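Structure first, then comments.
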Amino acid sequence: MGANERHPVQDNAAAQEHAPAREVERARLRLLETASEGLGDADLLRLALDHLVSGLQGLGGMAHLRRPDGLGLRLAATTGLSGPLPGAWQTLEWGESVAPMTAFHGGAALWATDPAGRDSLARSIPPGVCMAAIPVPMNGGPPLAVLSVLTSTPRAGDAAQRELARTVTGWLAQRLRLRAAATADAGRVRRPAEQLSGPRLQRALRTARIGAWEWDLRGATLTCDDQAQTLLGFEPGTFDGQVNTWLGAIHPEDMPWVQAVSSAESLRGRSEYSVEYRVRQPDGAYRWVQARGTVAARVDGVPARVVGTLWDITETRRSRDAFSRALRYMGDGFLVVDEDGRVTFGNVEAERFLGASGELRGQVLWELPRARAIGVEPRFRRAAAARAPIDFHARWPRSNRWYHIRLVPVPDGMTVHITDVTDRRALDAERSAAAQAATERATRIAELTSAFAEALTTQDVVKAVADRVLPPFGATGMICQLIEDKRLRVVGATGYSDAFLSVLDNIPVPPEAPLHTPVVQILGSRAPLFISSPEDYAKRFPEVVGYLPLSGKKAWAFLPLVASDQQAGYCVVSFDRPRHFSDEERTLLTAISGLVAQALERARLYDAEHTRAQELQRGLLPRTLPALPAVTAAARYLPAGEGMEVGGDWYDLIPLSGERVALVIGDVMGHGLSEAATMGRLRTAVHTLADLELPPDELLTHLNDLVGALGDDFYATCLYAIYDPTTSVCAFACAGHPPPAIIHPDGTVHSPGFSPDPPLGAATPPFETIEVQLPEDSILVLCTDGLIESATRDIDHGMAYLSRILAEALARTPDLLPRPRATDDGGSAVDGGDGRVLGHLDRLCDTLVAALLPEQSRTQDDAALLVARTHSMTADNIASWRLPDAPIAAGEARHHVRDQLGAWQLDELAMTTELLVSELVGNVVRHAKGPIRLRLLRSRSLICEVSDGSPTTPRIRRASDTDEGGRGLQLVSALSHRWGTRFTPTGKCIWAEQPLPVN
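Under the working numbering, think of the first position of the sequence shown as 17, with each following residue one higher.
Below, the structure is given as structure tokens:
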């Protein structure tokens, strides 16, 4: 015999072991077949469910059929369940996580599982109740139905129970498949004797502990098998078959109900019979039984007999009563109302909530005062119409407690769930407040961080703290002090008097000072200090309590400022009334102090760079414009709105010989230290070239060579103009620069029309020279592109806009064009003071800057503005003569000088001037060629000019003691204040200046 072979004796033992189980299965099937004749789908489901509930010792059960659309289950039958519970399980949707749907999807039984996963279903079943869900298979396809049994304790399902489930569901599946044939045979009423005959059936009934009975309504006799008699409390064979004997065994309290259900009138028109009642046992105790049967009627519809089964449901009723008590006394309120709003069930909590003084059942829900007060009726009707749950919250005024109320539509009515959510709302409110506080804290930190990111200077940081920190905390004062050279210096404050700040400013910081003041304490410990009242302050720091009246504050938060692990200073936030600082406020203020410290550290670096930049810019630009007889000027430099305030824009006013004036404005492309350095080099070069008395086009040519030598990345624009007051002619050349705007004395504004040459560094000489005749007291407006050009305006539109702004400003303020009068020195003055001309030019500069660069707009380029009023030299201050090209020219020159100086009442200068003229004219006669011309100019000095036709430039030679010549120019240099040479279109001009007498 092989290892896998079985011995015949073993086979016989196994067969004998499984024989009773198979016999029980066959008996159950025969009983089911017998009891199911003529039943519909719901009755078949209920019959199978009864067997499952009994066999599994359950509390009750539910049978769900697959919906026609295949997307869920609907409740088809129940057993052992009443009240509101079945209503909540009426319809199960496809995606719900409940035991019947899980078994339906998986096609396998679930044992000892939680009944439901959704709130409404979970609340309908008390805690501790478990569920077994068994699907009814259908030929390999999705289950047709699911049978669910509620149990009081978790049951994993032993072999017998699993076999019972398999037998019952298999039978049910077969019966449902053959429903048509079964329905065809349903009208045929079998004889009870035939149904209850046979020893095999009797054995099956005894094995299943289910009794069978037949009630003949016409003869009022009751036939019971031995198991049914035992269940009714009779010894087998002792029951006499009389209905009265049966009724006598029923508990008196159940008698009315049983008689009402069992009357012929009650059975008429019904196909099934079901009743539960208690029967007395031989020992005097009572047990619960359930009788279920099928009613057979005659042709006239009168009930003839009832055939059914009987089994003990005592344990089921006990569990069901426990379930009912749990539902009755559970913590949440629960109501069941019918379609008309009448209460059919209400537990104790629901009665307490509604304030019912009597029986709640039968009353209309919204007619109860409390339900009417919270508006239940319109919500009830809306939920019923939509067939969808409605949730809302209501507060009961007397108790100030909040309730969550949920209306859930069910067949034939509505379930109402009432939950006290006062504590939950308080907790949610607390959490919401905490979350809101955290959000506000994060928002404040973000806003302060953004403000600090935009703050450049120390004052910007202090202002950001005052604007962003003080209001949210209700603070009324703040002081920021930084350590500079071992001293505490006030860099910003608000809410304090100047007298108090003067006491705090410039206090030394000893390296090891005793901790006897709040400031010294936080500087030493680097920890914040919070003082909630003056009493607290006096208790902690009695030595400095005298400062309290002077400060006027009642609470303080002293915050150390630590940046890069270095103590930078401190910030104190103060309040005008005592204040308790919460933990959240302390944390927030401490975090803010870190941000303030970092922002102040950056601002101090910026301030230092800004100071150096301003010093550099002031060194590169003219500190003041010279006061000249021919021109009165005012200027503005506006740095770029971002970064260091240095750039490549510059302006200049350079005095030249013959009271001529050079007006210069230029722009090195870009702004920064490199451009500022380049601008300084160009400005120096312009001064040098201007001293050579070069005309505008030649000066720009030399400047172009200089810029080109700096590299390919260097470009600059420049406008160089020379104004001659003796002719009122302004000659200028332009390299890529905006043209000047000219304001005539009558208020008209125009710009000379020409095409500017390319910028310096990119231009190819020669440059074009433009000459403009300027009337007396005209105004020249020179500016760089940063003033008129923007993202929305090009140069042309900018110049047009500048002209319009000038015209509008002059129209609004006519006194911007005062009428000066000529002075004896060739200059001009205005009635009321010589400074009014300059003052009006300053006002005009401010007007242009305000209009072209509004304060709220941030410029991307620096800008320069030069405004100059021209003054012509009057004819009586100019004297000119043509001299012969011969030795006698010197004598004629001296004669003219004596006469003219006498007319000008400058006789004191006659002798010196005659010597200068003799030497200059003699040099022309000896070394140059004609024509020769002499000109005297009376202005702030006496100017003597001798012109000739030779381009040769004289220069001073150092003659030795034995040389006969070479001392003429030395004499000119010694006698004059300054002298020089300039080229003219026909040759050159040698000039010398002498200061006028003081009187």
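The beta carbon of each residue, even a glycine, is placed where N, CA and C say it ideally should be. Keep in mind it's a predicted model, so treat the numbers as computed, not measured.
| Query | Result |
| --- | --- |
| Is the beta carbon of S896 less than 7 Å from the beta carbon of P645? | no |
| Take the Cβ of V535 as the centre, count every other Cβ of all protein chains shown within 10 Å, and call the residue buried at 16 or more, exposed below. | buried |
| Which word fits A866, buried or exposed, when buried means at least 16 other C-beta atoms lie within 10 angstroms of its C-beta? | exposed |
| Per the contact definition of three or more C-beta pairs closer than 8 Å, is the stretch 116-127 in contact with the stretch 145-154? | yes |
| Given this structure, state the Cα-to-Cα distance separating V962 from L936, to the nearest angstrom. | 7 Å |
| Enumerate, from N- to C-terminal direction, the unbroken alpha helix (DSSP H) stretches of 4 or more residues contained entirely within the stretch 702-776. | 712-726 |
| What residues in its chain sit with their C-beta under 6 Å from that of A554, if we drop five residues either side in the sequence? | V561 |
| Using three-state DSSP, classify F1020 as helix, strand or coil. | The first residue shown for the chain is 17 and the last is 1015, placing residue 1020 beyond what the model contains. |
| To the nearest angstrom, how far is the alpha carbon of L163 from that of F339? | 20 Å |
| Name the two residues that bound the continuous alpha helix (DSSP H) containing P488. | 486-489 |
| Check T694 in the structure and name its three-state DSSP category. | helix |
| How would you label R414, buried or exposed, when you count the other beta carbons within 10 angstroms and need 16 or more for buried? | exposed |
| Kindly identify the DSSP beta-bridge partner or partners of V352. | F361, T431 |
| Would you kindly work out how many angstroms separate the C-alpha atoms of G111 and P100, rounded to a whole number? | 23 Å |
| Check whether the stretch 407-424 and the stretch 74-93 touch, using three or more Cβ-Cβ pairs below 8 Å as the test. | no |
| Quick one: which unbroken beta strand (DSSP E) runs of 3-plus residues sit fully inside the stretch 511-575? Chain order, please. | 545-547 |
| Report, in whole angstroms, the separation of the C-beta atoms of I434 and D348, which I expect to be a contact under 8 Å. | 6 Å |
| Since S590 is in the beta strand (DSSP E), which residue starts that stretch and which ends it? | 582-591 |
| Looking at the unbroken beta strand (DSSP E) that takes in R951, where does it start and where does it end? | 948-954 |
| Classify I1058 as buried or exposed, calling it buried when 16 or more other Cβ atoms lie within 10 Å of its own Cβ. | In the structure as shown, the chain starts at 17 and stops at 1015, and residue 1058 therefore has no counterpart that could be examined. |
| Within 10 Å of its beta-carbon, does R294 have 16 or more other beta-carbons around it, so buried, or fewer, so exposed? | buried |
| Quick check: the Cα distance between S888 and P791, rounded to an integer number of angstroms? | 8 Å |
| To the nearest angstrom, how far is it from the Cα of A482 to the Cα of C799? | 39 Å |
| Based on DSSP bridge pairs, tell me the residues matched to M494. | T510, V589 |
| For A197, count neighbouring Cβ atoms within 10 angstroms of its own Cβ and tell me buried if that reaches 16, exposed if not. | Residue placement at A197 cannot be trusted, given a pLDDT of 41 that sits under 50; what the coordinates show is reported in the next sentence. Exposed, because fewer than 16 other Cβ atoms sit within 10 Å of the Cβ of A197. |
| Spell out the partners DSSP gives K1004 in its beta bridges. | D964, F999 |
| Using only CA atoms, which one of L381, E470, L715, T474 lies nearest to E625? | T474 |
| Is DSSP giving Q614 helix, strand or coil here? | helix |
| In angstroms with no decimal places, state the Cα-to-Cα distance between V259 and A236. | 6 Å |
| Look at the alpha carbon of Q297 and the alpha carbon of S278, and state the distance between them as a whole number of angstroms. | 22 Å |
| Taking the alpha-carbon of L869 as reference, which of P830, I804, A906, W920 has the nearest alpha-carbon? | I804 |
| Sorted by chain position, which residues of the same chain lie with C-beta nearer than 6 Å to P208's C-beta, five sequence neighbours on each side aside? | Interpretation of P208 is limited by its pLDDT of 39, a score under 50 that renders its predicted location unreliable; the figure taken from the coordinates is listed afterwards. So the list reads E230, V323, once near-sequence residues are dropped. |
| For a test of your reading of the model: does the CB of E625 fall under 6 Å from any non-hydrogen atom of the ligand NAP? Yes or no. | Only the bare structure without any ligand can be found here, which leaves the ligand NAP out of the picture. |
| Between which residues of its own chain and E109 is the CB-CB distance below 6 Å, once the five residues before and five after are set aside? | G88 |
| Which one or two residues does DSSP pair with P645 in a beta bridge? | Answer is none; P645 lacks a bridge partner. |
| Can you tell me whether Y687 is buried or exposed, with buried defined as 16 or more other CB within 10 angstroms of its CB? | Here the sequence assigns His to residue 687, which means Tyr is not the residue at that position. Label assigned to H687: buried. |
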